[in-house]
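> Numbering (the numbering used here), first residue to last: 26 to 76. Pasting in a structure now, in structure tokens, and then I'll have a few things to ask.
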């Protein structure tokens, strides 16, 4: 839960754009960039429910 709070507080779209865009080809990054934060949070919440 602390990680989810941290992501919500400190990870902005600007941070995602600046820090993660080099990891994928531009076309792929453009497709996932808007949903990356919300999908990560959903994944973490699902994992918390399972444990």
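Using N, Cα and C, we set each Cβ at its ideal position, and we do this for glycine too. Owing to the predicted nature of the structure, the values given are computational and were not obtained by experimental measurement.
What is the residue span of the alpha helix (DSSP H) that residue 47 lies within?
Run containing residue 47: none; DSSP gives neither H nor E here.
> Considering residue 72, what are the terminal residues of the alpha helix (DSSP H) in which it resides?
Looking at the DSSP string, the run of the alpha helix (DSSP H) that includes residue 72 is 61-75.
> Which same chain residues end up closer than 7 Å to residue 36 when comparing Cβ atoms and leaving out the 5 residues on each side of it in sequence?
Here the set comprises 62.
> Could you give the residue range of the alpha helix (DSSP H) that holds residue 27?
Element bounds for residue 27: 27-35.
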